[in-house]
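Encoded as structure tokens, the structure appears first; notes follow it.
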Amino acid sequence: MKIEEPDNTPTIKGFALFALGFRPFFLAAGLSSLLLMLFWLSVLGGVTTASIYYPGIYWHSHEMLFGFVAAVAAGFLLTAVRNWTGIQTLRHTPLALLTLLWLLGRLAPLAVFQLPGWLIALLDLSFLPAVAVGIAIPILAKAQKSNYIFFILLLLMTVANLLTHLQYLGLTDDTANRGISLMLYLVVALIMVMGGRVIPFFSERGVPGLQAQSWPLIEKLAPYSIAAVALLASILPDSIVLSPVALLAAVVHGVRLYGWYDKKIGAVPMVWILQLGYLWLVIGLLLLALVPVDLILREFAVHALTVGGVGLITLGMMARVALGHSGREIAASRTIFWAFVLVSLAPLFRVLLPLLMPDWYLQSLILSGSLWCAAFLLFNMVYLPILIRPRVDGRPG
Numbered sequence: 003m004k005i006e007e008p009d010n011t012p013t014i015k016g017f018a019l020f021a022l023g024f025r026p027f028f029l030a031a032g033l034s035s036l037l038l039m040l041f042w043l044s045v046l047g048g049v050t051t052a053s054i055y056y057p058g059i060y061w062h063s064h065e066m067l068f069g070f071v072a073a074v075a076a077g078f079l080l081t082a083v084r085n086w087t088g089i090q091t092l093r094h095t096p097l098a099l100l101t102l103l104w105l106l107g108r109l110a111p112l113a114v115f116q117l118p119g120w121l122i123a124l125l126d127l128s129f130l131p132a133v134a135v136g137i138a139i140p141i142l143a144k145a146q147k148s149n150y151i152f153f154i155l156l157l158l159m160t161v162a163n164l165l166t167h168l169q170y171l172g173l174t175d176d177t178a179n180r181g182i183s184l185m186l187y188l189v190v191a192l193i194m195v196m197g198g199r200v201i202p203f204f205s206e207r208g209v210p211g212l213q214a215q216s217w218p219l220i221e222k223l224a225p226y227s228i229a230a231v232a233l234l235a236s237i238l239p240d241s242i243v244l245s246p247v248a249l250l251a252a253v254v255h256g257v258r259l260y261g262w263y264d265k266k267i268g269a270v271p272m273v274w275i276l277q278l279g280y281l282w283l284v285i286g287l288l289l290l291a292l293v294p295v296d297l298i299l300r301e302f303a304v305h306a307l308t309v310g311g312v313g314l315i316t317l318g319m320m321a322r323v324a325l326g327h328s329g330r331e332i333a334a335s336r337t338i339f340w341a342f343v344l345v346s347l348a349p350l351f352r353v354l355l356p357l358l359m360p361d362w363y364l365q366s367l368i369l370s371g372s373l374w375c376a377a378f379l380l381f382n383m384v385y386l387p388i389l390i391r392p393r394v395d396g397r398p399g
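Below, the structure is given as structure tokens:
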């Protein structure tokens, strides 16, 4: 699979933040992940309150999914689609405007601006469809049917976002939870579909001698099993049927991960961070199977999927893609190695510690959030100059 793309067209000089989609959106994701979590920690500590527009806990879940994760998805897809199709995706002024739209969606709900609810909703709801159009044009031009799933997922994510805003605007009574849940499982599905393509590829490229294995039945079941989980967990989250479906998905994706694993990945941080993140997705599915039978609270499954799965894979993917597309050697620096270690500890404190020591619940949230913040602070320190400067090999992108 073509991921890193060599090009011999003329050199782009100077400020390069808007040269290719990964640059502004990985920077936006890195900074927002840090700032959003710092703000949430201040809310937990009673120092401040969340947005007036987003009631209570909804602000945290909405912004981490539709802010941070949406930025990662936009950056990755706008970059990958150019490689898959050979057609240039958004760059320069159009890319800057798309980034501005994302930023306005983050700033609009702040109480200081006192914007009407309909305008806040409109700004936030416009971003994902704009990204979908940005990737659909080249995909449709090349008739790459295997990639239609990506702009379809973005449109479904827009529906999920609409469900949240309908409740925030007072038009419905109980759609925000459904919208957030739908978005979560669409994100998990997106990561597992994309992960199935790139993680074995990255593993083989990064670990000498590693030969990723796959099995036709497992590869056939992988997308359908996670789609079934997404549907059930969003529409019938308490149905007993979710238990066997989530268990089946966990087994399928666990076997899939086993086929990519080699003990030598421990020496390659750029590989183990992705595989460990995928393992957390499997753990999250196993925990989700226990929720309908009342063996565990839903929040532990959710945070295994988010802090563990989404957190590790997004950080690892951004770190790798930014190096590859800036013409640099794909290897984790010492600083990024420690960022990977810190973000890997965060789900242990968010999921396992409160399970084992319920009295330490609030402390576990603060410890986990602090580890997350430290990891993304290190990422921002290392990658800010990489993302704003031109490629070191003189190529565009």
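In terms of this note's numbering, the sequence shown opens at residue 3 and continues consecutively.
By construction, the Cβ of each residue, glycine as well, lies at the ideal position given by its N, Cα and C atoms.
Note that the structure is a prediction, hence the values are computed from the model and not measured.
Kindly list the residues whose CB is nearer than 6 Å to the CB of residue i, restricted to its own chain and excluding five residues on each side of it in sequence; keep chain order.
i	result
I2	Not covered by the structure: residue 2. The range shown for the chain is 3 to 399.
P271	A334, F339 and F342
A138	F153
S328	I388 and R393
V309	A348, P349 and R352
By how many angstroms is the C-alpha of residue j removed from the C-alpha of residue i?
i	j	result
A230	D296	20 Å
L289	R397	46 Å
Q90	G181	32 Å
P349	F302	10 Å
N382	M320	11 Å
A110	R300	30 Å
I201	P218	17 Å
I54	D395	47 Å
P313	L344	Looking at the sequence itself, residue 313 is Gly, so the reference to Pro does not match. Rounded to the nearest angstrom, the two C-alpha atoms are 11 Å apart.
S35	F378	7 Å
I390	A269	29 Å
P239	V304	12 Å
A232	I285	16 Å
D264	L276	13 Å
G23	L358	42 Å
G198	I122	36 Å
I5	L142	Confidence at I5 is low in this model, with a pLDDT of 48, below 50, so its placement is unreliable and the value that follows should be read with caution. Going from the Cα of I5 to the Cα of L142 covers about 19 Å.
L106	L125	7 Å
G77	L19	12 Å
L2	V243	Missing from the structure shown is residue 2; the chain here goes from 3 to 399 and no further.
For residue i, is the classification buried or exposed, using 16 other Cβ atoms within 10 angstroms of its Cβ as the cut-off for buried?
i	result
E65	buried
V486	No answer is possible for residue 486: it lies beyond the span of the chain, which begins at 3 and ends at 399.
R93	buried
S44	exposed
F17	exposed
R330	exposed
V487	The chain is shown only over 3 to 399; residue 487 falls outside these bounds and no answer can be derived.
Y150	exposed
Quick one: what's got a C-beta closer than 7 Å to residue i's C-beta in the same chain, skipping five residues either side?
i	result
L223	V254
S245	A291, P294 and V295
Give me the Cβ distance between residue i and residue j, rounded to the nearest whole Å; I'm assuming they're in contact under 8 Å.
i	j	result
T81	K144	Between K144 and T81 the Cβ distance is about 16 Å, and since that is not below 8 Å, they are no contact.
For residue i, which residues from the same chain have a beta carbon less than 8 Å from its beta carbon, with the 5 sequence-adjacent residues on both sides left out?
i	result
L46	L364, L367, I368 and G371
E206	L212, Q213 and A214
N10	Interpretation of N10 is limited by its pLDDT of 41, a score under 50 that renders its predicted location unreliable; the figure taken from the coordinates is listed afterwards. Hits under 8 Å: R397.
Inside the segment 301-347 only - alpha helix (DSSP H) runs reaching at least 4 residues = 313-326
task = Would you mind listing the alpha helix (DSSP H) stretches within the segment 66-123 that are 4+ residues and don't spill past its ends, in chain order?
result = 72-87 and 94-109
ask   = Considering only residues of the segment 173-206, which uninterrupted beta strand (DSSP E) runs meet the minimum length of 3 residues and lie entirely inside it, listed in chain order?
value = none
request  = Counting only runs of 4+ residues fully inside the segment 239-283, write out the alpha helix (DSSP H) ranges in chain order.
outcome  = 244-262
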